[in-house]
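Below is one structure; the comments refer to it alone.
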Amino acid sequence: MLEVEVRYRVADFEAVRHRLAEWGVGEAEEMWEADLYFNAPHKDFRTTDEALRLRRTGSSNRLTYKGPRRPGLTKTRPEIEVPLGAGDQAATLAEQFLLALGFRPVATVRKHRWIHRLHRHGFPMAICLDEVDKVGTFVELEILAEETQYDAAQAALLHTAAELNLHDKELRSYLQMVLEAEQGRSMSTRDTVHSIEPVNSGTQAQPPVDVVSSETPVVETIEAVRAAVAAARQAGKSIGFVPTMGALHAGHAALIRAARAECGFVVVSIFVNPTQFGPNEDYSRYPRTLAADRRLCAEVGADLIFAPSVSEMYPAPYRTYVEVKELDEVLCGVSRPGHFRGVCTVVLKLFHIVQPDVAYFGEKDYQQARIVAQMVRDLNVPVQLRTVATVREADGLALSSRNVYLTPAQRQVAPRIYQALLRLRERVATGESDVARLEADLRAELAAIPEARVDYARIVDADTLQPLTTVDSPAVAAVAVFLGATRLIDNIRLK
Ligand code: AMP
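Following our numbering, the residues of the sequence shown are numbered contiguously, the last one being 1621.
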């Protein structure tokens, strides 16, 4: 069976309980659970993304193996569960059995859980309200599904989460969060190798287990990133830099891989930059997934993450901003006034802080890449720029950290944005060059997508971003479309 689940952080359970009551969902099962996690003797589960758990719920006991998570919008992993005898003695025996085989206890996760069981969007699902010791309150939605039902189960969970108004997705496991809380590891002092003390297992104490972390180290201060970069430079390495806002996906990974291929030392910045968000935009709910980001960075070979706080980047009083004229007055600049001023300011600051030889940007944000290139040229910033082609889902949707906001229905129709761009390019390739006609058709095609509101659909000069009347020189079609409340952008080169 597959365990398909998705977890959200919440301030309290009131709104969710209220909505469940409206749906007529009955009394919750209330329970206290203690999950003792083990690491394997022959491999490190933290690097293989597996888990072995002895769960004690009241007097009942279960042993569960969880396989590696698969990429996707939910947390999905194969699960094998073995029921054990009830009571303390059975739990102790199971523990002794695992210890004898060389398994080592890692940590215990304790939670007070209310499970609501219901049937929604075609699936029996569990909605668990979890108060987890040391780490906070969460709502977890879960379906046990056959492989063939995976897509539908995932859609049902995300749809239900949206109906419950849950947005603050938490990608870390409870175990990860408990370990982070227990070790009180400040991000700036995390080592790549750390030691986990065994919990009191009721048997003989075990020696600490060394766990080699599969996460890229993180520094939070300008001083620390400068010191690391200086050391790399002194070792003769060139510096590659990938600025991001985190919630990393395969698009970011492509940038990091490009940097890895070309540079000796790769720095990724993760900073949700407040100055590039408008007052009614999604700054506070923008996804923040540092633990998962660290794993992705390690997988693709980044050497260091720079994840500064807002006050580190903008100490008060902050008064200096950078503007690139004209290029920021079209396309996204019209509907997001001040956005590129924020982008340019933070990118220039990051360039000064990291002082990279080469910096990498995605073509997905075409206007941004163009504006940064202009700024670098105008202000004589000693950095080379590279752009990396847009990475897309198999159905064509451009990867974006904001795709997680889409409801299943919106996600299903979202690829039509890129399909419309492909059709447009096809028409240009077969001889249509009248921009007014092409734009009108593109806009109409986008507007026909269910729940879509077209912000803009323009064909512009690839260099100046100014409007064209005919496509007879290098041109780009750029679009921004709201699907519900989520604004997606995409573009395609026409010539
Ligand atoms: P963000 O975290 O959204 O600020 O993006 C950081 C960098 O990743 C920017 O240079 C983006 O253009 C780039 N990027 C975002 N999505 C993609 C994608 N789907 N393919 C390629 N690059 C991307």
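C-beta: ideal position from N, C-alpha, C; glycine also. These figures come from a predicted structure and were not determined experimentally.
**Request:** Measure the alpha-carbon distance for R1551 versus C1389 and round it to whole angstroms.
**Result:** Taking the sequence shown and counting its residues from 1, the one referred to as residue 1551 is at position 425. Taking the sequence shown and counting its residues from 1, the one referred to as residue 1389 is at position 263. Going from the Cα of R1551 to the Cα of C1389 covers about 35 angstroms.
**A1385 to P1482 span [Cα, whole Å]** = For the purposes of this step, residue 1385 is identified with residue 259 of the sequence shown, where counting begins at 1. For the purposes of this step, residue 1482 is identified with residue 356 of the sequence shown, where counting begins at 1. Rounded to the nearest angstrom, the gap between the Cα atoms of A1385 and P1482 is 11 angstroms.
**Message:** Quick check on the DSSP output: the alpha helix (DSSP H) that includes I1622 runs from which residue to which?
**Reply:** With the chain represented from 1127 up to 1621, any question about residue 1622 goes unanswered, as that position is not in the structure.
**Request:** Specify the secondary structure class of I1479 as computed by DSSP and reduced to three states.
**Result:** The count along the sequence shown starts at 1 and reaches residue 1479 at position 353. Reduced to three states, the DSSP call for I1479 is helix.
**Message:** Applying the 10 Å Cβ sphere with the 16-neighbour rule, what's the burial state of T1202?
**Reply:** Locating residue 1202 in the sequence shown gives position 76, counting from the first residue. Buried.
**Message:** Just to confirm before moving on: does the CB-CB distance between M1439 and V1480 stay below 8 angstroms?
**Reply:** Locating residue 1439 in the sequence shown gives position 313, where the first residue counts as 1. Locating residue 1480 in the sequence shown gives position 354, where the first residue counts as 1. Taking 8 angstroms as the Cβ cut-off, M1439 and V1480 do not qualify as a contacting pair.
**Asked** Measuring CA to CA, which of V1132, R1512, A1424 is closest to G1488?
**Response** As a first step, residue 1488 must be located in the sequence shown, where it is residue number 362. When each option's Cα is compared against that of G1488, the closest is R1512.
**Asked** On the three-pair Cβ rule with 8 angstroms, is the segment 1608–1615 touching the segment 1534–1547?
**Response** Segments in contact, yes.
**Prompt:** By Cβ distance below 7 angstroms, which residues in the same chain neighbour V1151 in space, the five residues on each side in sequence not counted?
**Reply:** For the purposes of this step, residue 1151 is taken as residue 25 along the sequence shown, with counting starting at 1. Taken in chain order, the residues that qualify are H1242, L1244.
**Asked** Whose CA, out of D1175, E1341, L1422, lies closest to the CA of S1299?
**Response** Here residue 1299 refers to the residue found at position 173 when the sequence shown is read from its first residue. Considering only alpha carbons, the answer is D1175.
**Request:** State whether the segment 1572–1587 contacts the segment 1600–1608, with contact taken as three or more CB pairs (one from each stretch) at a distance under 8 angstroms.
**Result:** Contact check between the segment 1572–1587 and the segment 1600–1608: three or more CB pairs, one atom from each, fall below 8 angstroms, which counts as touching.
**Request:** Mind listing, in chain order, the continuous beta strand (DSSP E) runs of no fewer than 3 residues lying wholly within the segment 1416–1453?
**Result:** Given a length threshold of 3 residues, each whole run of the beta strand (DSSP E) inside the segment 1416–1453 is given here in chain order: 1430–1432.
**Request:** Using only the heavy atoms of the ligand AMP, determine whether one of them is closer than 7 angstroms to the beta carbon of G1488.
**Result:** Along the sequence shown, one-based indexing puts residue 1488 at 362. Within 7 angstroms of the C-beta of G1488 there is at least one heavy atom belonging to the ligand AMP.
**Message:** Applying the 10 Å Cβ sphere with the 16-neighbour rule, what's the burial state of P1508?
**Reply:** Locating residue 1508 in the sequence shown gives position 382, counting from the first residue. When all chains shown are included, P1508 counts as exposed.
**Request:** Return the first residue and the last residue of the alpha helix (DSSP H) that L1572 is part of.
**Result:** As a working mapping, residue 1572 is identified with position 446 in the sequence shown. From DSSP, the alpha helix (DSSP H) with L1572 extends over 1561–1573.
**Message:** Tell me which residue opens and which closes the beta strand (DSSP E) that Q1510 is part of.
**Reply:** Within the sequence shown, the letter at position 384 stands for residue 1510. Following the DSSP letters along the chain, one finds Q1510 inside the beta strand (DSSP E) bounded by residues 1510–1514.
**Asked** Under 8 angstroms, do D1256 and F1264 count as touching if we go by C-beta distance?
**Response** Position 130 of the sequence shown, counted from the start, is the residue given in the question as residue 1256. Position 138 of the sequence shown, counted from the start, is the residue given in the question as residue 1264. F1264 is positioned such that its CB atom lies closer than 8 angstroms to that of D1256.
**Message:** Let me check you understand the geometry: is the CB of P1369 closer than 7 angstroms to at least one non-hydrogen atom of the ligand AMP?
**Reply:** For the purposes of this step, residue 1369 is identified with residue 243 of the sequence shown, where counting begins at 1. P1369 Cβ: within cutoff of the ligand AMP.
**Message:** If the criterion is Cβ atoms closer than 8 angstroms, does the pair Y1544 and A1524 meet it?
**Reply:** Along the sequence shown, read from residue 1 onward, the residue named residue 1544 stands at position 418. Along the sequence shown, read from residue 1 onward, the residue named residue 1524 stands at position 398. The answer is yes: Cβ separation under 8 angstroms.
**Request:** Quick one: residues in its chain with C-beta nearer than 8 angstroms to the C-beta of A1282, no 5 flanking neighbours on either side, listed in chain order?
**Result:** As a working note, residue 1282 is residue 156 in the sequence shown. The residues are R1246, H1247, G1248, F1249, M1251, I1269, P1534.
**Environment of H1465 [buried if 16+ CB atoms lie within 10 Å]** = Walking along the sequence shown from the start, residue 1465 turns up at place 339. Answer is buried; the Cβ neighbour count reaches 16.
**Message:** Counting C-beta neighbours from all protein chains within 10 Å, is the total for Q1493 16 or more, i.e. buried, or is it exposed?
**Reply:** Translated into positions along the sequence shown, residue 1493 becomes position 367. Q1493 comes out buried.
**Item:** Any alpha helix (DSSP H) of 4 or more consecutive residues that is wholly inside the segment 1186–1235
**Value:** As far as the segment 1186–1235 is concerned, its whole alpha helix (DSSP H) runs of at least 4 residues are 1214–1226.
**Message:** One question on the structure: do W1429 and F1391 come within less than 8 angstroms of each other, judged by their Cβ atoms?
**Reply:** Position 303 of the sequence shown holds residue 1429. Position 265 of the sequence shown holds residue 1391. What sits at residue 1429 in the sequence shown is Asp, not Trp. F1391 sits close to D1429, with the two beta carbons spaced by under 8 angstroms.
**Prompt:** Hey, would you say the C-beta of H1378 is under 7 angstroms away from at least one heavy atom of the ligand AMP?
**Reply:** As a position in the sequence shown, residue 1378 is number 252, starting the count at 1. Yes, since a heavy atom of the ligand AMP falls inside the 7 angstroms radius drawn around the Cβ of H1378.
**Message:** Please classify I1206 as buried or exposed, where buried requires at least 16 other C-beta atoms within 10 Å of its C-beta.
**Reply:** Here residue 1206 refers to the residue found at position 80 of the sequence shown. Using a 10 angstroms sphere on the CB of I1206, the tally of other CB atoms stays under 16, which defines it as exposed.
**Message:** Using a Cβ-based criterion (distance less than 7 angstroms to any ligand heavy atom), does Q1494 qualify as near the ligand AMP?
**Reply:** For the purposes of this step, residue 1494 is taken as residue 368 along the sequence shown, with counting starting at 1. Result yes, Cβ under 7 angstroms from the ligand AMP.
**Item:** Touch test, the segment 1450–1462 against the segment 1586–1598, Cβ-Cβ under 8 angstroms, three pairs minimum
**Value:** Verdict: yes, contact present.
**Asked** Hey, out of D1170, T1190, D1161, whose CA is closest to T1183's CA?
**Response** Here residue 1183 refers to the residue found at position 57 of the sequence shown. When the alpha-carbon of T1183 is set against those of D1170, T1190, D1161, the nearest one is in D1161.
**Prompt:** Near S1186, which residues of its chain fall below 6 angstroms by C-beta distance, leaving aside the five closest residues on each side in sequence?
**Reply:** Taking the sequence shown and counting its residues from 1, one reaches residue 1186 at position 60. Answer for S1186: A1212, listed in chain order.
**Message:** Less than 8 angstroms between the C-beta atoms of L1301 and L1374, yes or no?
**Reply:** What you label residue 1301 is simply residue 175 of the sequence shown in a count that begins at 1. What you label residue 1374 is simply residue 248 of the sequence shown in a count that begins at 1. Taking 8 angstroms as the Cβ cut-off, L1301 and L1374 do not qualify as a contacting pair.
**Prompt:** So E1393 and V1351 are in contact, right, with Cβ under 8 angstroms, and what is the actual spacing, rounded?
**Reply:** Your numbering for residue 1393 matches position 267 in the sequence shown. Your numbering for residue 1351 matches position 225 in the sequence shown. First, the residue type needs correcting, since residue 1393 is Val and not Glu in the sequence shown. The pair is a contact, with the Cβ atoms about 7 angstroms apart (cut-off 8 angstroms).
**Message:** According to DSSP, C1254 sits in a beta bridge with which residue or residues?
**Reply:** Numbered from its first residue, the sequence shown carries residue 1254 at position 128. Partner(s): I1241, E1266.
**Request:** Determine, using beta carbons only, whether Y1486 and K1295 come nearer to each other than 8 angstroms.
**Result:** Looking up residue 1486 in the sequence shown gives position 360. Looking up residue 1295 in the sequence shown gives position 169. The beta carbons of Y1486 and K1295 sit no closer together than 8 angstroms.
**Request:** Would you tell me roughly how many angstroms separate the C-alpha atoms of G1610 and Q1536, rounded to the nearest one?
**Result:** By one-based count along the sequence shown, residue 1610 stands at place 484. By one-based count along the sequence shown, residue 1536 stands at place 410. Their backbone Cα atoms lie some 8 angstroms apart in a straight line.
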